[in-house]
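Worksheet: one structure, shown below.
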Amino acid sequence: MIKAVDLRKGKTIMHEGAICVVHESAHVAKGNKRSYMQTKLKNVKTGTIQEVRFTVDARLEVPYVESKEFEFLYKDGPGYVLMDKGNFEQIHAGAELFDDAVRFLKSNETVTAMICNGIMIGLELPNVVELEVTDAPPVVRGATVTNQPKDAVVETGARVRVPAFIDIGERIRVDTRTGDYLDRVK
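Under my numbering, the first residue of the sequence shown is numbered 1089, with each subsequent residue one higher.
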């Protein structure tokens, strides 16, 4: 059991008998009125998102969530094929389990699956990935004096803002949570 005031994005709770994942959570306090937690919960089974208001001291049940390592194999239509690293069983994961970071996912990358009551409720990618730059505009002579980033395309097809000195074929590190360039791999 946790208090509603401790709800954060990504937390899994039981609400009205269903497993839900918190998508947004905000503490609201208006003048003399009692404060409350305004949340957006996604029902894992139905996929619906609903807004729910909890009093700050409300106690919520937290189900057991297991983390399991999977290897990303390939994209299959609207979903993705993953392999369990323990027993080598292949499973199909829907695109709704991934967030925007899926654009940085390449074959043989390790992802962590959150499993609750036998249902996969979400997937987490590594925070930092190394990717090769496949397309980038050439450096304009004299343009290196000011720090003006340029758009580069990495091996997964995603666009990343990189410094002007990055060329095609170089490997860079990218933060999957923000999509930002971190540094060049030496």
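Cβ coordinates follow ideal geometry from the N, Cα and C atoms, glycine included.
Along the beta strand (DSSP E) that carries glutamate 1154, what are the first and last residues, could you check?
1154-1164
Rounded straight-line distance, which links the Cα of glutamate 1157 to that of arginine 1259:
25 Å
Measure the alpha-carbon distance for histidine 1103 versus leucine 1129 and round it to whole angstroms.
9 Å
What does a CB cutoff of less than 7 Å around valine 1116 pick up in its chain, not counting 5 residues either side in sequence?
Ser1123, Tyr1124 and Gln1126
Could you pull the start and end residues of the beta strand (DSSP E) that glycine 1267 belongs to?
Looking at the DSSP string, glycine 1267 is not in any beta strand (DSSP E), and its letter there is neither H nor E.
Taking one C-beta from the segment 1134-1149 and one from the segment 1161-1177 each time, how about it: are there three or more such pairs within less than 8 Å?
no
Quick check on glutamate 1139: does DSSP put it in helix, strand or coil?
strand
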